[in-house]
Structure formats: structure tokens, C-alpha cells
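A.B. asks:
Protein chains in written order, with my numbering: chain A, 54 to 357; chain B, 54 to 357.
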């Protein structure tokens, strides 16, 4: 079994790549729920949805969120009512959140609802929310405390962050499925998601950091940075703002005590010696996904 | 001030008729919330919405619920996910419920949210939910206990009812606006809504029955029956099943102790002598709405 610790877009793409090299039934994504939110009464799980939509071929590849062939009837009407419209919810996407919210109200866990949706969409890999308990990533910023989506979407992650807290993480438990997967995996992959605000909150769930550390020899992280920058999103900026510094060393710092190996992009090969000098096993290969040949090399590097 | 105790469709139509004869600022609808529900995470207030949509010219006159020029993108998608689709929610209609659910989550009362929506739609009469506290109409039926919408929509009110209970009514309080309106009204009108399942739950809210009874001399009810049948819905059937019998006498029975006067349809004039013999003041006039001349006569009869 290959367990992939996952945020949203970057993880979705890596999972798609790994499927080229490993049977679907061996792949398990353990997914961050720290940026889940309740808005308009609806429980929304952006990372789970991004991964499911991507693997089902339903995602909007341009925006990196939401569905393709989307319409906006509800949102247009909500905007005309003066409702909160900063978090875009297309009509098809809304159906996901209505379904989930109703099932949760009926007593189903997030794990069960995710399995139901994934089956309906024909997504052939297992998606496991790291926890069924409430976990909320919160930001202390220059303009005050913000929720994840206020920071990320409403303010376009364009404010200075002084601290990231994961509310509820110390009370949340990983699900039994997650614990089992982390015990049994032959490889634990940390996806090229944001170390601070996607993987960090996942690891903050009670006991998860320890479970991953115990598998250190089998843990491989794909760095989300290329040329010192995140392909998308504020990973590099946040690593700096929170004192981890820059480059892949910052990623290694955020994952201190967890990494058996770090995969970095071939364009950053010059960073490898210094990382290795710190005792880190480093693989240099293409990490920018989208080209079949390069993707195959990345998958091989991760799974080798 | 004219206060109209209101269910959904029948009340919406009467309010539209009364606006021909009374200034908008004098009309206040006190609206049943017993069939409000939470579905897919959304708080839905069918009676408030039906009235607001009707008065704003946004209602679907054919179905008697929902909006005109409606689309069904979300519902189609939800159905394809295997979600509960028995309660039809159009895209535009959904925006109302998203708006309301978010505002309620932010701490606004149903009264405040209703005022916001009504202002946005340009509805020029005041709509007051009878209570901001949770009230739930429940049915004991031949096939077991049902919620309002399960009984009404899912089972098309086609099951035998042995009892109607209004959960929470003894703990719910009428809002201060409702109490004031019932004190100050020069006329309290009971709309031609279902006496058992629309007006009954409204009157069941703690103290409301007493407030209305205290205004008995100024209370006028418009009977929802014509020729012994409800124009729409199960009023006649329910009155019978719950032991009130048939005809306008059953309506009078359901409102025992409350009526200063009962308005019945001209086609039922033959029932008037027996009702008057019971000491009831009866006005005979057209109650089937839709024709301007007849509507004017109904409005005059109610407001005389």
C-alpha cells in the first residue's frame, strides 16, 4: 500500500501521476481537513473535493478548484441577494456540498460520505480524511485572525502571517482507517502540497506526526518548490514568514524528523549537496507534472 | 394595522388581494414556521418563502411553490449523486436558503433574515415569522411518524393522520414584533390556510392562541373550504381525520374561541344559517381568488 499525505491541487496531480505506476487499489490518499469549512450551512471539504474531482476527470484544470463544465446560477442569485460570494461555489459543486451536508446530518462520518462520493464518481483510489473530528486551520495575520478560506480565498493569501494554529487538532483523532494505512504502507509519500497549511494541519492531528515519524525510513516527500517558488499558492512565502527560511532546506525543516528521502526538482540540483550534507537522502528528478515522460520519472523516483 | 395569520399559498393569495384595499405599510403577515426544515444543511422556510415570492412576483404560480424562471442544475447533479431529491429545490430558490442559512449561522434571527430578504426583493408588506425559536410540526400517521415535509411532499399528504403535534411549541415564544402586532392590530385575519397544519402550529406557539382569543371581536377567518373541499392540499381530509367533521363548521371548530367572524364562499351560502345558529357571525362572499371584481369583494368583506 502507498499512502499519500495530501493537500489539494499538488496532491491531486501527484496521485494522478502515481496511478501510472501503481495499481489503484494500492493507493490511499490521507487528506487534510484543516481547511474544511461550513458556509451557507454547507460543509465544504476543498482538499477532498479537489482530489476527487481531479481523479474523476471532473475538475476545472484552469482554476485548480471546482468542476469543469460548471454553471453559476445559484451564486448569481446569491450575489443579487447580497449574500457572501467571495467563496465561489458552482452549481455542480454545490450538489457535492448539499449531498455531504445531508449525509453528515444523518450521522454519516466524513470518511463514509467521502467513500460514497468517490464511488459515485468512479474514483478508483481510496480517499481518507485524516480525521472525522473537527479541525480548523487558523491564521494570525497582520490584519487579524483569519480562517483558512478567509486567508486563502478572500484575501488571496496576500497578507503577512505570524502564526498558523490548528484548532481542535489536539482533540482530533486520526480515523482507524488512517492509522491502519500508516502502519501498513510500504511507502508513505508526502505530496508536493503546502508544508505549512496543508500537510502541517494533517500532521497536527493527534498522533499522526508520531505515526509518520515511526515510518521515517519509508517516508518520501516531494518538495512543492521549484526554483525556490511554489508553483501555485504561498508555500515559499509562508515558509519564510514562519522562520523556516527558503529553498528545499525550508521544506526539509518543516518536515524535520519525518523524512527518509526528499525529492527535489532537477532545476534545483545545486541544492542537493547541502541537503545531503545535513544527512538527508535526496533524489533529483522532474517534479513539474503534466508531461508523460517526466511524470513517469517522478513516479519512479517516488516509488523506487 | 391588519395582521394576517398565514400559512403558505392561500395566505400569499389573500395578502395579494388585501393589498388592493389597504396600504402596504398597514399589512403584517404573521407566518407559520412549523413546516420549516433543515435539509442538505440548509434552513428552508416554505411558508415565508411562498409568501415573499408571491408578493414579489417571483413565484411559480403553477406549482404553488418555488420560483418562476427556475433552473435545476444543482438538483440534477444531486440526484446523480444519489442524494435526497424528493424535496425540489431550484437553483434560484437555493440561493434564498444559502443566504438564510449563512445569516442564521452568523447569529441573525429568522425575523431579521426575513426582513433582509423581503427588502431585497422589494416586498412592501411586513413578514414576521411567528417565532424565532425552533418549532416542528410532526404527524402521527398510518405509516409511522412523519415530519411536515415528509407528510406533505414526500408522501403527497396521502396517508391517514391520527395526530398532529407541534414539537417545541410550548417552549417557543412569539417574537416581540408578533406580540405587538397582535396587540395593536385593528383587524386580525386568519388566512384561508390549512387550519390544522398551517394555522394550528402558529397558534400553538406559547401564548399566541391566547393573544388571538383576546382579540376575538376583531378576528376574521377566511375559510379554506369551497364546496366542502380544500382548493389545494389536505385541509378537508385532515379536519375529518382529526375529528372536526366536514364543511365550514369543521373550520369553525378548529378555531373555537377565536372567531369574531367567518367568511365562507358564496357557493356554500346554504351552510350559513346553521353556523349562525351556533352564534357565529358569518359573511358570505366569493373566496376563490384570481378575478379582480371578486377579489375586491373578498377584501372588502375581510376588512369591513
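The beta-carbon is built from N, C-alpha and C at its ideal position, and this holds for glycine as well. These numbers were taken from a predicted model, which means no experiment stands behind them.
#1: So the beta strand (DSSP E) residue 116 of chain A belongs to, where does it begin and stop?
#2: I'd like to know whether the C-beta atoms of residue 281 of chain A and residue 296 of chain A end up nearer to each other than 8 Å.
#3: If we define contact as Cβ-Cβ less than 8 Å, is residue 59 of chain A a contact residue for chain E?
#4: Give me the residue from A:314, A:78, A:63 and A:150 with the minimum Cα distance to residue 93 of chain A.
#5: Would you please state the rounded distance, in angstroms, between the beta carbons of residue 307 of chain B and residue 56 of chain B? I believe it to be under 8 Å.
#6: I need the boundaries of the beta strand (DSSP E) containing residue 188 of chain B, first residue and last residue.
#7: Name the residues in the stretch 91-102 of chain A whose C-beta lies less than 9 Å from a C-beta of chain B; which are they?
#8: Quick check: the Cα distance between residue 134 of chain A and residue 113 of chain B, rounded to an integer number of angstroms?
#9: Determine the contact status of residue 317 of chain A and residue 309 of chain A, defining contact as a CB-CB distance below 8 Å.
#10: Give me whichever residues DSSP pairs with residue 197 of chain B in a beta bridge.
#11: Report the residues of the stretch 100-120 of chain A with a CB closer than 7 Å to any CB of chain B, ordered along the chain.
#12: What separation, rounded to the nearest whole angstrom, lies between the Cα atoms of residue 180 of chain A and residue 212 of chain A?
#13: Check whether chain A comes within 8 Å of residue 255 of chain B, counting only Cβ atoms and requiring the distance to be less than that.
#14: Among B:351, B:302, B:192 and B:104, which one has its Cα closest to the Cα of residue 332 of chain B?
#15: Give me whichever residues DSSP pairs with residue 338 of chain B in a beta bridge.
#16: Out of A:120, A:197, A:343 and A:328, state which residue places its alpha-carbon closest to the alpha-carbon of residue 174 of chain A.
#17: Could you have a look at residue 146 of chain B and say whether DSSP puts it in helix, strand or coil?
#18: Can you have a look at residue 60 of chain A and say buried or exposed, based on whether 16 or more other CB atoms are within 10 angstroms of its CB?
#19: Taking just the CA atoms, how far does residue 139 of chain B sit from residue 67 of chain A?
#20: Which residue wins for smallest C-alpha separation from residue 245 of chain B, given the options B:85, B:74 and B:79?
#21: Kindly indicate which three-state DSSP category residue 120 of chain B falls into: helix, strand or coil?
#22: Just checking: is the beta-carbon of residue 158 of chain A within a distance shorter than 8 Å of some beta-carbon in chain B?
#23: Can you list, in chain order, the residues of its chain with a C-beta nearer than 6 Å to that of residue 187 of chain B? Leave out the 5 residues immediately preceding and following it.
#24: Among A:225, A:192 and A:229, which one has its Cα closest to the Cα of residue 216 of chain A?
#25: Do the stretch 221-236 of chain B and the stretch 337-345 of chain A touch if we need at least three Cβ pairs shorter than 8 Å?
#26: Give every residue of the same chain whose Cβ lies closer than 6 Å to the Cβ of residue 254 of chain B, excluding the five residues on either side of it in the sequence, and list them in chain order.
#27: Are residue 152 of chain A and residue 131 of chain A close, meaning C-beta to C-beta below 8 Å?
#28: Apart from the five residues on each side of it in sequence, which residues of its chain come closer than 6 Å, Cβ to Cβ, to residue 178 of chain B?
#29: By the 10 Å Cβ neighbour count, where 16 or more other Cβ atoms means buried, how is residue 163 of chain A classified, buried or exposed?
#30: Shortest alpha-carbon distance to residue 232 of chain B belongs to which of B:247, B:268 and B:294?
#31: Which of the three DSSP states is assigned to residue 218 of chain B in this structure?
#32: How would you list, in chain order, the residues of chain A whose beta-carbon sits under 8 Å from the beta-carbon of residue 180 of chain B?
#33: Within its chain, find whatever has a CB closer than 8 Å to the CB of residue 157 of chain A; leave out the 5 residues flanking it on each side and keep chain order.
#34: Just checking: is the beta-carbon of residue 136 of chain B within a distance shorter than 8 Å of some beta-carbon in chain A?
#35: Can you tell me whether residue 362 of chain B is buried or exposed? The criterion is at least 16 other CB atoms within 10 Å of its CB, across all chains shown.
#36: Taking a cut of 9 Å between CB atoms, which residues from the stretch 175-207 of chain A lie near chain B?
C.D. replies: In short, the structure shows the following:
#1: DSSP places residue 116 of chain A in no beta strand (DSSP E); its state is neither H nor E.
#2: Not closer than 8 Å, so no.
#3: Here the protein chains are A and B, and chain E is not one of them.
#4: The alpha carbon of residue 93 of chain A has as its nearest neighbour, out of A:314, A:78, A:63 and A:150, the alpha carbon of A:150.
#5: Contact check for residue 307 of chain B and residue 56 of chain B: beta-carbon distance about 19 Å, past the 8 Å limit, so the pair fails to qualify.
#6: Note, residue 188 of chain B: premise wrong, no beta strand (DSSP E); not H, not E.
#7: Of all residues in the stretch 91-102 of chain A, those with a C-beta nearer than 9 Å to a C-beta of chain B are 91, 92, 93, 94, 95 and 96, reading in chain order.
#8: Whole-angstrom Cα-Cα distance: 19 Å.
#9: No, these two residues do not count as a Cβ contact at 8 Å.
#10: As a beta-bridge residue in DSSP terms, residue 197 of chain B pairs with B:194.
#11: Answer in chain order: no residues at all.
#12: One C-alpha to the other measures close to 32 Å.
#13: Chain A contact via Cβ: absent.
#14: Looking at the Cα atoms, B:302 is the closest of the given residues.
#15: According to DSSP, which records beta bridges pairwise, residue 338 of chain B is partnered with B:318.
#16: Taking each of A:120, A:197, A:343 and A:328 in turn and checking the Cα distance to residue 174 of chain A, the smallest one comes out for A:120.
#17: Looking at residue 146 of chain B - three-state DSSP - the assignment turns out to be helix.
#18: That one is buried.
#19: Rounded to the nearest angstrom, the two C-alpha atoms are 39 Å apart.
#20: Nearest of B:85, B:74 and B:79 to residue 245 of chain B, Cα basis: B:85.
#21: If DSSP states are grouped into helix, strand and coil, residue 120 of chain B belongs with the strands.
#22: Judged by the 8 Å Cβ criterion, residue 158 of chain A is in contact with chain B.
#23: Within the same chain, residue 187 of chain B has close Cβ partners 221.
#24: Checking every option, the nearest Cα to that of residue 216 of chain A belongs to A:192.
#25: Touching, no.
#26: Closer than 6 Å at Cβ, skipping near neighbours: 85, 87, 190 and 219.
#27: In this structure, residue 152 of chain A lies away from residue 131 of chain A, with their beta-carbon atoms at least 8 Å apart.
#28: Result list for residue 178 of chain B: 77 and 80, in chain order.
#29: The Cβ neighbour count for residue 163 of chain A, taken over all protein chains shown within 10 Å, is at least 16; the residue is labelled buried.
#30: It is B:268.
#31: Looking at residue 218 of chain B - three-state DSSP - the assignment turns out to be strand.
#32: What residue 180 of chain B touches in chain A: nothing, since even the nearest Cβ is about 15 Å away.
#33: Taking C-beta separations shorter than 8 Å and ignoring five residues to either side along the sequence, the partners of residue 157 of chain A in its chain run 96, 163 and 166, following chain order.
#34: Yes, residue 136 of chain B counts as interfacial toward chain A.
#35: Nothing about residue 362 of chain B can be read from this structure; chain B reaches only from 54 to 357.
#36: Along the stretch 175-207 of chain A, there is no position whose C-beta sits under 9 Å from a C-beta of chain B.
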